[in-house]
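Inspection log for the structure reproduced underneath, given as structure tokens.
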Amino acid sequence: MARGKKQNPFAARKRQKREIGNPPDRRAEPYKEIERDNASFIKYYQLQRICANEEEWQQFLAKIRDNLPVTFRVTGFKDEAKALLKIIETELFAEYVRGAAELNSLSVEEVQRPLCLPWYPNGMAYQLNLTRKDIRRSESMLRLHNFLIVETAAGNISRQEGVSMIPPVVLDVQPTDKVLDMCAAPGSKTAQLIEALHATPEAHKIPPGFVLANDVDNNRCYMLVHQAKRLNSPCLLVTNHDSSFFPNLLQTDAATGHKSILKFDKILCDVPCSGDGTLRKNPDIWLKWNLAQAYNLHGVQYRIVRRGAEMLEVGGRLVYSTCSMNPIENEAVVQRIIKDSAGALELVNASHLVPGLKYNPGMTNWQLATKEVDAVFTQFDEVPESLHTIIRPAMFPLPAEEMAAIGIEKCMRILPHMQDTGGFFVAIIEKRRALSFEQNDVKDLEQQQPAQEEKDKPEAEEKSAPWGPQRKRRRLHGFKEDPYIFFGEDDADYASLKEFYQLDESFNKRCLLTRCQSDRKKNIYYCSEAIRDLVLNNEQNIKIINTGVKTFVRCENRHTQHPYRLAQEGLQTSNGYIGDCRRIQVEREDLVLLLNCTDPTKPPSTHELKQVTQDRCKELCVGSCILKYVDESFTLFIVGWRGTSSLRAYVAKDETVHILRLLGADVSKFEVNKYEKAKEAAAAAEEAAAAAGAANGAENKEEQDAAET
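No gaps in the numbering here: position 160 of the sequence shown is 956 in the numbering used here, and each next residue is one more.
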């Protein structure tokens, strides 16, 4: 080959195939179960003495090699949460017990009942004595599996590892708190923070506080949006930035109009970690676990918690957590930030927030080792010079008197064998005074903004291109997001919305926004006043991925007097501001009839409804409306559509199944039995094969007869 000429990779691969032949088809080989063993892992944790004695150590090893049971929680701020919990505890668990008895060949009396997690607030979380595989692959668990899928998609339950629920609980979020989730994806903990924010709907129509959820990975940010959006909160802002260098944000004082640096009341630092506490859920970690992961992550973890401490309000609370059991990622990081704060940060005990949770106190002594754990070090002086860039002095435990002053025993270490969970670490830190190294100069931040705006000017011109809004374009660091355009004081669309839906004067029109520059708005979103202020003050400083809940949607219909219909996602927010002019109260039978209509082109005629509903429908012109149903234990509000001679419910399939379940109606027509479908497909394939065989036989006979002739 000539010098400098590039080799064709496809030709090279062809030559390689000719030389070595085709590799065996791995798909034809039977699946091999991962061997749950790692000599370095066992040697390292035995060295750390994470268990009190040999008996407990053996229990730990047995449990961490076992599969993880399924846990889920009911979303707590929904009005119908208690009604759903009652259905779960009666009907669903009765079905679960029968299915588990069939699956494990036991009598119903021998089946272990679902465990209500004693430390989770209001008894809203349960642990089942089954693994994900048991539920997914067992026909006896079909109804349970369908229930979990549908209710999760509807946002009424969340499937989440039990120990993963602890950090948001001990963070103790209140509706007035400004909350930052620094490493938020995939979003299960963020969802808990949002639930806590909306915990008292009777006190606040829209909570004064907010949750800012951030993640460094652009792709995972969209996963985070998908997870958190199920809760339909107008108080959520999703950003994409490196948490260890998170910028200072500006806020506007509502009373004076002056700008200041935003400080958060509550911060969650669930940092990236080696994840060896999730070995029961992710057995592939057994194959690749080594100490180098912890050494590499220690610096990143420290930088994130340090930046979090800088952004924390004095008197605020920060929770540092990992799904690792390694003291290098846990106690070593916590002792370092507490020491560097020189008394500004303090570890606190929050065990009263999780009564009944079993855990060990934080470790006060640990040892470091080489990657293969063939050499052990108790102090930095013992570390060879070749490892000085990997193993640092701050990773070793502080002297006993300094460790006692820090109070490292206030940390929580949860091990798998304690209550049949994964491994986890939680530390609760409170800020007593400002840190010596935090930057709070608002003038510097205000001066940066004009320079950034000038830098982004060509992009702004591109946004307002004459041919209308453009599609998102893939960039080096993710997609270029559409702009956030808030309603002005004299917006024509708002005037018509206010008149048609009789919107209350307290409804803040300036919090409505769209995601395109076109005058013909497609979707209209709503966010809280605090979120609006954050977006307007900081959209030049940080990449905003998503905010606002869909409230109004353009709906072209020649019969309607108004071009926008209500969106079910935003009804939770807008319902309190809409007048009585577009409301219809329905009885149970009418609502079941409307929800069972699966063909949108053939909605139920108003003549099929009760007379009182018919009379109310006659009073409404064609267009979007709110269907209200009052039960003795809950009240439902559903978006509907009043047609010229019909009425229909405007809800997604999963939400439809959820409401029918609450009403005690039959949901079997919506359930998919994959096992029956597989049997039908197998029978059809067998029939087709038999028909093909018969046809081949007839063809062969004809050929034979022709040959004889």
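Every residue gets a Cβ at the ideal spot worked out from N, C-alpha and C, and that includes glycine.
Residues near residue i in its chain [Cβ-Cβ closer than 8 angstroms; skip 5 each side]
| i | result |
| --- | --- |
| G1436 | I1380, L1390, S1420, C1421, I1422, L1423, L1443, R1444, A1445, Y1446 |
| A791 | Not covered by the structure: residue 791. The range shown for the chain is 797 to 1505. |
| A1128 | H1094, W1162, A1190, M1191, F1192, P1193 |
Exposed unless 16 or more other CB atoms sit within 10 angstroms - verdict on residue i
| i | result |
| --- | --- |
| L1083 | exposed |
| D977 | buried |
| G958 | buried |
| P1189 | exposed |
| R1229 | exposed |
| F1233 | exposed |
| S1401 | exposed |
| E1504 | exposed |
| Q812 | exposed |
| K1317 | buried |
| T972 | exposed |
| Q1500 | exposed |
| C1065 | buried |
| C1323 | buried |
| I830 | exposed |
Reduced DSSP secondary structure (H/G/I, E/B, other) of residue i
| i | result |
| --- | --- |
| S1292 | helix |
| S836 | helix |
| G1439 | coil |
| A1445 | strand |
| Q1163 | coil |
| Q1248 | Note that Q1248 scores a pLDDT of 48, beneath 50, so its modelled location is shaky and nothing firm can be said. |
| P1279 | coil |
| E1142 | strand |
| D973 | coil |
| K828 | coil |
| L1045 | coil |
| T867 | strand |
| A807 | helix |
| G1152 | coil |
| V1408 | helix |
| C1351 | coil |
| M1121 | coil |
| L1423 | strand |
Length of the line joining the Cα atoms of residue i and residue j
| i | j | result |
| --- | --- | --- |
| E1295 | L1308 | 16 angstroms |
| Q1163 | K974 | 39 angstroms |
| D1462 | S1441 | 27 angstroms |
| R1306 | V1331 | 13 angstroms |
| S984 | L944 | 15 angstroms |
| Q923 | R955 | 10 angstroms |
| V1453 | N918 | 25 angstroms |
| T1052 | D1329 | 14 angstroms |
| I1100 | H941 | 38 angstroms |
| G1372 | G1366 | 11 angstroms |
| E1383 | I860 | 52 angstroms |
| N1337 | P1068 | 24 angstroms |
| A1201 | C1017 | 39 angstroms |
| G1139 | N863 | 43 angstroms |
| I846 | T986 | 30 angstroms |
| N1015 | S1070 | 20 angstroms |
| F1221 | T1347 | 40 angstroms |
| R1132 | E1125 | 11 angstroms |
| D1177 | T1185 | 14 angstroms |
| I1340 | Q1023 | 17 angstroms |
Contacting residues, own chain, Cβ-Cβ under 6 angstroms from residue i (five flanking each side not counted)
| i | result |
| --- | --- |
| I1063 | L976, G1104, L1108, L1114 |
| A1326 | F1006 |
| T1074 | C1119, G1218 |
| Y892 | L940 |
| L1432 | Y1425 |
| I1224 | V966, V1115, V1144, A1146 |
| L1362 | S1420, V1435 |
Chain-order list of residues whose beta-carbon lies under 7 angstroms from that of residue i (same chain, five-residue window excluded)
| i | result |
| --- | --- |
| K1470 | none |
| D1450 | V946, A949, A950 |
| G1439 | P1399, V1418 |
Closer than 8 angstroms: residue i CB and nearest the ligand ZN heavy atom
| i | result |
| --- | --- |
| C1307 | Absence of the ligand ZN from the depicted structure is noted, as is the absence of any ligand whatsoever, leaving it without description. |
**Ranges of the alpha helix (DSSP H) found wholly within the stretch 1289 to 1336, counting only runs of at least 4** = 1325 to 1334
**Length at least 4, wholly inside the stretch 1078 to 1109: the alpha helix (DSSP H) runs in chain order** = 1081 to 1084, 1087 to 1107
**beta strand (DSSP E) runs contained entirely in the stretch 905 to 954, provided each spans 3 or more residues** = 921 to 923
**Message:** As an exercise, report each continuous alpha helix (DSSP H) stretch of at least 4 residues that is fully enclosed by the stretch 965 to 1045, in chain order.
**Reply:** 984 to 993, 1014 to 1024
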